[in-house]
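Protein chains in written order, with the working numbering: chain G, 1277 to 1780; chain L, 2 to 226.
Yeah, the Cβ is synthetic: ideal placement off N, Cα and C, and Gly gets one too.
Values in this document were obtained by computation on a predicted structure and should not be read as measured data.
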């Protein structure tokens, strides 16, 4: 059984590895691209420039996502799980709590999504809640809850009980907080757990729980993101209460769609995104080096490999964000505007459903979560089952958001409060592993794709509908996207359990 | 080849394939006559300087363990090689290893005896090294420097008698890595020594190493040096 390999075959081998990595990504970007092109050539033409930008954006996103995922795989995730397992092995609860807080705080404080959200809060409160304050308080919230989430694993507190407590606190705060803050607060939970934070926190949880023996190891691998994302909600709601504000005083400027130029937008976004990503990654790199000196003491080769991973993460993330911001965002806004101008409301809801379904396939953190599920369950839970369940969840979220914009009498909390109640009640009946996956997937689904493309789409729709408040109505879309996966994945879990019970 | 048809001669088949292919391998194997299998994840590393420089010399793999009677071995290798093109590079490997006893495996009566043709080639051995998590790479390095072409690393947990510990409600078990290396017999002593020397396996608490015979392989390639 031996064969001489020719040069041609060797090249085919390299090509094979590249295409293997890219094939999955291409299949995830293709659906949304096809849908938008179809819409453009049928009911909602958005102009040559915008559609060109969209197609170039799709190429950027495909390349960026492939490289980003590779980088997360060999850079960000090993750092997270090494930190988790090396902290646990020290067997000092204070060490775990203190470093849990430090990691949660610093990884989040530079998250670009958080900066954007805090800037918006600053504007709508006319500076009463300043950007810096919001960033610091939300990061403290995440830091505290990462520590709580890690302590939960150590002390074996069931996840659904901790979540009941946390959402109980949130419900009480909601009763007293001004209604207009609810959207911002629930958005902040999803928005701040962005593409840098989610893979890291996921891996951190995995690292801590992987040191355990038995079935707990599998179940405790998930849930840390879910616990962490309640931090910002509690933080923002508490801030609004303490500030004594009764309603929002300021407003946000709505930027008109710029249809001139194609490539110039990409050139403009690239350095901005590069700066954002450097800032977002800096704390991670610094913390990694501190851990390397204190705990890891990795060999040069392992160190080099992780740094290669971080470089991939950087390049991939910059390309991805540039593609989303320069290519997808305004196309989404223009489609939303054109659709709503057609005057047929059911079309808006239907297209919202289809866009929600397809856009989630392109969300980076979804891949990272799925990979981790594969790894932890040795492929027992099928990738496609999780992916399509998430897609249906997000599709429902986007179409519900469209209905909310079209029918002003439906308030955001009419959907959020029952939604979270259902999610919490379900967690008492869902297999433990799926409770963790479900609550993690809320933070996972509301990543940069939703925060830009879907948000822009919603703003476009709101802009074209009389009586809809462009930015206030758009607040809350992310929180819907962060909510529905909790319910959808838990239902999947119940179905899974029934099926495997039947089989045996 | 004197195969005794009275007793079952159990053989362990191990397939290492790309992630996602494990279930397909198992299904195809069932058609050939395997009664069942176990799938788990690992990562394969290959010795390719360019890939190493780029940091992408590792890829996720699925490992399928199947046990069957010796008489199916030949057919299994042929069938899977044909179906999954294992004779082309980078499509996966299968090797079979004799085992002493099996319990809990049903022999399938519906499977006809296949004529065991060709020569029984004991050309390869498989080396298993179990070390602390994170040290698997070092084992692979030592092995490749002594002539191995690649390895599969499997994440695992486990502990020696003295290592079991509780931390509040957590039951902590040290994390390990299992490194699986298939090697030609003539190179195996070199590789074993190289691993032993770099990892100090013979000192207490440094790891465990064992070697098994391999009766048949598919999908392995010689280097074009």
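Is residue i buried or exposed, if buried means 16 or more other CB atoms sit within 10 Å of its CB?
i	result
residue 1316/G	buried
residue 1337/G	buried
residue 1366/G	exposed
residue 78/L	buried
residue 1573/G	exposed
residue 1708/G	buried
residue 1777/G	exposed
residue 1479/G	buried
residue 1685/G	exposed
residue 167/L	exposed
residue 1428/G	buried
residue 86/L	exposed
residue 1733/G	buried
residue 1705/G	exposed
residue 1387/G	buried
residue 1598/G	buried
Using a threshold of 7 Å, state whether the C-beta atoms of residue i and residue j are closer than that.
i	j	result
residue 1390/G	residue 1453/G	no
residue 63/L	residue 46/L	no
residue 1596/G	residue 1333/G	no
residue 151/L	residue 178/L	no
residue 1469/G	residue 1505/G	yes
residue 1749/G	residue 1681/G	yes
residue 88/L	residue 9/L	no
residue 43/L	residue 153/L	yes
residue 195/L	residue 157/L	no
residue 1564/G	residue 1322/G	no
residue 1519/G	residue 1404/G	yes
residue 188/L	residue 148/L	yes
residue 1624/G	residue 1737/G	yes
residue 68/L	residue 17/L	no
residue 1320/G	residue 1611/G	yes
residue 1433/G	residue 1630/G	no
residue 1720/G	residue 1671/G	no
Indicate whether at least one CB of chain G lies closer than 7 Å to the CB of residue i.
i	result
residue 171/L	yes
residue 85/L	no
residue 168/L	yes
Do we get a CB-CB distance below 7 Å when we pair residue i with the residues of chain L?
i	result
residue 1728/G	no
residue 1431/G	yes
residue 1489/G	yes
residue 1279/G	Reliability of the predicted coordinates at residue 1279/G is poor, the pLDDT of 42 falling under 50, and the value obtained from them is presented with this limitation in mind. True, the Cβ-Cβ gap to chain L drops below 7 Å.
Could you list which residues in chain L have their beta carbon closer than 9 Å to that of residue i, in chain order?
i	result
residue 1655/G	20, 21, 23, 24, 40, 41, 42, 63
residue 1361/G	134, 176
In chain C, which residues lie with their C-beta within 8 Å of the C-beta of residue i?
i	result
residue 1350/G	Absent from the structure: chain C. Protein chains present are G and L.
Check the Cβ of residue i against every Cβ in chain L and list those closer than 8 Å, keeping chain order.
i	result
residue 1660/G	By Cβ distance, chain L contributes nothing, its closest Cβ being about 10 Å from residue 1660/G, past 8 Å.
residue 1367/G	166, 168, 173
residue 1364/G	168, 171, 173
Could you list which residues in chain L have their beta carbon closer than 7 Å to that of residue i, in chain order?
i	result
residue 1585/G	56
residue 1651/G	42
residue 1581/G	56
residue 1486/G	176
residue 1346/G	57
Please compile the residues from chain G whose C-beta is within a distance smaller than 7 Å of the C-beta of residue i.
i	result
residue 138/L	1577, 1578
Using a C-beta to C-beta distance shorter than 9 Å, which residues of chain G count as neighbours of residue i?
i	result
residue 102/L	Those do not exist, as residue 102/L stays about 26 Å from chain G at its closest Cβ, beyond 9 Å.
residue 158/L	1486, 1487, 1488, 1489, 1493
Check: Taking one C-beta from the stretch 1505-1513 of chain G and one from the stretch 1462-1469 of chain G each time, how about it: are there three or more such pairs within less than 8 Å?
Finding: These segments touch.
Given 8 Å, three or more beta-carbon pairs between the stretch 1728-1736 of chain G and the stretch 1485-1502 of chain G: These segments do not touch.
- Query: Between the stretch 1695-1702 of chain G and the stretch 1644-1657 of chain G, are three or more C-beta pairs nearer than 8 Å?
  - Reply: As far as the Cβ criterion goes, the stretch 1695-1702 of chain G does not touch the stretch 1644-1657 of chain G, which means the pair count is below three.
Segment contact, 8 Å Cβ cut-off, at least three pairs: the stretch 1369-1383 of chain G with the stretch 1412-1419 of chain G: Proximity of the stretch 1369-1383 of chain G to the stretch 1412-1419 of chain G meets the contact definition, three or more beta-carbon pairs being nearer than 8 Å.
Just checking, does the stretch 1711-1719 of chain G make contact with the stretch 1490-1501 of chain G on the three C-beta pairs under 8 Å criterion? Judged by Cβ distances under 8 Å, the stretch 1711-1719 of chain G makes contact with the stretch 1490-1501 of chain G, as three or more pairs qualify.
Whether or not the stretch 1322-1332 of chain G and the stretch 1534-1547 of chain G are in contact is what I'm after, with contact meaning three or more pairs of Cβ atoms, one per stretch, closer than 8 Å; do they touch?
The answer is yes - the stretch 1322-1332 of chain G touches the stretch 1534-1547 of chain G, with three or more Cβ pairs under 8 Å.
Practice task
Please determine if the stretch 167-176 of chain L and the stretch 198-214 of chain L are in contact, where contact requires at least 3 C-beta pairs separated by less than 8 Å.
Solution key: With the cut-off at 8 Å, the stretch 167-176 of chain L and the stretch 198-214 of chain L do not touch.
Counting Cβ pairs closer than 8 Å, one from the stretch 1544-1553 of chain G and one from the stretch 1612-1621 of chain G, do we hit at least three? Short answer: they don't touch.
Quick one: any contact between the stretch 1404-1418 of chain G and the stretch 1442-1449 of chain G, if contact means 3 or more CB pairs under 8 Å? Counting C-beta pairs with one atom in each stretch, the stretch 1404-1418 of chain G and the stretch 1442-1449 of chain G have fewer than three that are closer than 8 Å, which means they do not touch.
*When the Cβ atoms of the stretch 1654-1668 of chain G are set against those of the stretch 1760-1772 of chain G, are three or more pairs found closer than 8 Å?*
At 8 Å Cβ cutoff, the stretches touch.
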